[in-house]
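Visitor: Got a structure here, written out as structure tokens. Questions coming.
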């Protein structure tokens, strides 16, 4: 038998967690049109990077929207003619200030309605352009589809508005404190450089599907991780003032518990323990009947039973 001493010290453990790259909550930019349209052709695909002002979709007005646009044009033209005539009558003192003001207001309202439709794409080049640089998160429409007013067409995530969502075991949350550093590794690209992120948010609930706690990680500016990509997170868990033994001293038993053997008066004494932080060399053990300085068996412990006489190899 060989023994080692139980020590009280600080032990570090690397905690490995997994998750994916997501858009920050509420940061997805939805592209829509204020009137009913027919999608002529989708020009982008999910995951594609677009620059500001790049074309996204070719559209055409639906029959109903064409009528609406033509009516707005006719109304604006008629309002301008009426305003001109009223102004001429006013100059000849044949119209009142009230009549002129009413004509001016009607013309302004008609022009505003027409301008709003034109800014939304009516009567233009029939292409909808991106107003930001980012990644296409989702395409909500397809060629030939009639989209109602305000219906989403494309969803875009700006480059600086992506983050990582990780699933963490509840017992590992001590390592995932808000503000803690974390290393992110892209699982789909083994050659990709590691990214140093920061824990932004630790949620206060267990996901009923995964049974894990959602943890969100902020990424440094310029990070080129793929949206929806699978990633691994590496956290450092530190336990101070812990009872620590060599890894070989800890044995699993048939009850799915762990045990260690100490030496007392040349006999083996069994201790049932709980496991805390661990690394390839040592393990934190939690037990009321272990003390710093106790001799734990590290070689030959598989053969021991409680109370067995033993001889320590010098």
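Numbering (my numbering), first residue to last: 917 to 1230.
Using N, Cα and C, we set each Cβ at its ideal position, and we do this for glycine too.
Only a predicted model underlies this, so the values are computations on that prediction, with no experimental measurement involved.
Between the beta-carbon of residue 1151 and the beta-carbon of residue 931, is there less than 8 Å?
Guide: As a first step, residue 1151 is located in the chain shown; it is residue number 235 there, counting from the start. As a first step, residue 931 is located in the chain shown; it is residue number 15 there, counting from the start. It is a contact, given that the beta carbons lie within the stated cut-off.
Visitor: Can you look up residue 920 in the DSSP assignment and give me helix, strand or coil?
Guide: The residue given as residue 920 occupies position 4 in the chain shown. Reduced to three states, the DSSP call for residue 920 is strand.
Visitor: Helix, strand or coil for residue 985, going by three-state DSSP, please let me know.
Guide: The residue you call residue 985 lines up with position 69 of the chain shown. The answer is helix: DSSP assigns residue 985 an H, G or I state.
Visitor: Taking the straight line between their C-alpha atoms, what separation do you get for residue 1195 and residue 1060?
Guide: In the chain shown, counting from the first residue as 1, residue 1195 sits at position 279. In the chain shown, counting from the first residue as 1, residue 1060 sits at position 144. So the two alpha carbons sit approximately 58 Å from each other.
Visitor: Would you tell me roughly how many angstroms separate the C-alpha atoms of residue 1148 and residue 989, rounded to the nearest one?
Guide: By 1-based counting over the chain shown, the position of residue 1148 is 232. By 1-based counting over the chain shown, the position of residue 989 is 73. Their Cα atoms are separated by approximately 57 Å.
Visitor: Which of the three DSSP states, helix, strand or coil, is assigned to residue 1130?
Guide: Within the chain shown, the letter at position 214 stands for residue 1130. In this structure, residue 1130 counts as strand in the three-state DSSP scheme.
Visitor: Restricting to Cα atoms, I'd like to know which of 1074, 1062, 1165 is closest to residue 1051.
Guide: Counted from its first residue, the chain shown places residue 1051 at position 135. The option with the nearest alpha carbon to residue 1051 is 1074.
Visitor: Is the segment 1064-1074 in contact with the segment 1084-1093, if contact means three or more CB pairs nearer than 8 Å?
Guide: Because the criterion of three Cβ pairs below 8 Å is not met, the segment 1064-1074 and the segment 1084-1093 do not touch.
Visitor: Would you identify the three-state DSSP class for residue 1180, choosing helix, strand or coil?
Guide: To locate residue 1180, count along the chain shown from 1; it is residue 264. Of the three classes helix, strand and coil, the one that applies to residue 1180 here is strand, per DSSP.
Visitor: Note the first and the last residue of the continuous beta strand (DSSP E) segment covering residue 1213.
Guide: One-based indexing of the chain shown puts residue 1213 at position 297. First-last of the beta strand (DSSP E) with residue 1213: 1211-1215.
Visitor: So residue 956 is in the beta strand (DSSP E); what residue range does that whole segment cover?
Guide: Taking the chain shown and counting its residues from 1, the one referred to as residue 956 is at position 40. Element bounds for residue 956: 953-958.
Visitor: Using CA coordinates, which residue listed in 978, 1217, 1162 is at the minimum distance from residue 925?
Guide: Sequence index remark: in the chain shown, residue 925 carries index 9 (1-based). Among 978, 1217, 1162, the Cα nearest to that of residue 925 belongs to 1162.
Visitor: Could you give the residue range of the beta strand (DSSP E) that holds residue 1152?
Guide: Taking the chain shown and counting its residues from 1, one reaches residue 1152 at position 236. Counting along the chain, the beta strand (DSSP E) containing residue 1152 begins and ends at 1146-1162.
Visitor: In the DSSP assignment, what residue or residues form a beta bridge with residue 1054?
Guide: Locating residue 1054 in the chain shown gives position 138, where the first residue counts as 1. The partner list for residue 1054 (beta bridge, DSSP) reads 1071.
Visitor: Which value, in whole angstroms, describes the spacing of the CA atoms of residue 1058 and residue 955?
Guide: Taking the chain shown and counting its residues from 1, the one referred to as residue 1058 is at position 142. Taking the chain shown and counting its residues from 1, the one referred to as residue 955 is at position 39. Cα to Cα, the separation comes out at about 7 Å.
Visitor: So for residue 998, helix, strand or coil by DSSP?
Guide: Numbered from its first residue, the chain shown carries residue 998 at position 82. In this structure, residue 998 counts as helix in the three-state DSSP scheme.
Visitor: Report yes if the CB atom of residue 1131 is closer than 8 Å to the CB atom of residue 1118, and no otherwise.
Guide: Here residue 1131 refers to the residue found at position 215 when the chain shown is read from its first residue. Here residue 1118 refers to the residue found at position 202 when the chain shown is read from its first residue. Yes, Cβ-Cβ distance for residue 1131 and residue 1118 is below 8 Å.
Visitor: Count the CB pairs spanning the segment 1167-1183 and the segment 1124-1138 that are closer than 8 Å, and state whether there are at least three.
Guide: The segment 1167-1183 vs the segment 1124-1138: no contact.
Visitor: Whole angstroms are fine: how far does the CA of residue 918 sit from the CA of residue 1215?
Guide: If you number the chain shown from 1, residue 1215 lands on position 299. If you number the chain shown from 1, residue 918 lands on position 2. In a straight line, the C-alpha of residue 1215 is about 5 Å away from that of residue 918.
Visitor: Counting only the same chain and skipping the five closest in sequence on each side, list residues whose C-beta sits under 6 Å from that of residue 1101.
Guide: As a working note, residue 1101 is residue 185 in the chain shown. Excluding sequence neighbours, residue 1101 sits near 1110, 1148.
Visitor: In the DSSP assignment, find the unbroken beta strand (DSSP E) run with residue 1113 in it and report its ends.
Guide: Start at 1 with the first residue of the chain shown, and residue 1113 comes out as number 197. Note, residue 1113: beta strand (DSSP E), 1111-1122.
Visitor: In whole angstroms, what is the alpha-carbon distance linking residue 1145 and residue 979?
Guide: Numbered from its first residue, the chain shown carries residue 1145 at position 229. Numbered from its first residue, the chain shown carries residue 979 at position 63. Spanning the two alpha carbons is a distance of roughly 41 Å.
Visitor: Kindly list the residues whose CB is nearer than 8 Å to the CB of residue 1053, restricted to its own chain and excluding five residues on each side of it in sequence; keep chain order.
Guide: As a first step, residue 1053 is located in the chain shown; it is residue number 137 there, counting from the start. If we look at residue 1053 and ignore the five residues flanking it on each side, its Cβ neighbours are 939, 944, 962, 1071, 1072, 1073, 1143.
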